[in-house]
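I have placed the structure first, in the form of structure tokens, so that the comments after it can refer back to it.
Below, the structure written as structure tokens:
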């Protein structure tokens with residue numbers, strides 16, 4: 035068994051250490067994108083967020099979009115209302131101040 039030094043790995047096509055650390059799962063990228071659109075006002079409070087529509091818009095499958103939506107509900111950016119679906123949650127003035135503080 036042979037072991038490669040870091041420099042040898044760089045010359046053999048192995049990913050560099052920095053590249054390994056920068057890979058972000060698709061669901062995380064989608065989650066950050068949705069947060070940005072909420073914070074910019076592009077997505078308004080009460081506006082519906084539909085996984086199928088968002089997936090088509092981004093050109094990805096629905097699985098990472100559903101994962102991002104679940105995370106955003108847990109983080110409080112979205113809310114799931116029975117028989118109505120998922121929508122952007124309304125924020126209180128205090129919550130907005132806390133976000134921008």
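Numbering (our numbering), first residue to last: 35 to 135.
Cβ atoms here follow ideal geometry from the backbone N, Cα and C, with glycine treated the same way.
With contacts defined as CB atoms closer than 7 Å, residue 99 and residue 64 qualify as a contacting pair.
Of 82, 66, 77, the smallest CA-CA separation from residue 117 is found for 82. With fewer than 16 other CB atoms across the displayed protein chains lying within 10 angstroms of its CB, residue 67 is exposed. A residue is called buried once 16 or more other Cβ atoms fall within 10 Å of its Cβ, and residue 122 is buried on that count. Under the rule that a run must span 4 or more residues, the alpha helix (DSSP H) segments found entirely inside the segment 43-130 read 51-56, 60-74, 85-92, 96-109.
Here residue 108 is exposed: its Cβ has fewer than 16 other Cβ atoms, across all protein chains shown, within 10 Å. Spatial neighbours of residue 101 in its own chain (CB-CB distance under 6 Å, excluding positions within 5 residues in sequence) are listed in chain order as 61. Put simply, the backbone Cα of residue 127 is about 16 Å away from that of residue 80.
CA-CA distance, residue 103 to residue 92, rounds to 14 Å.
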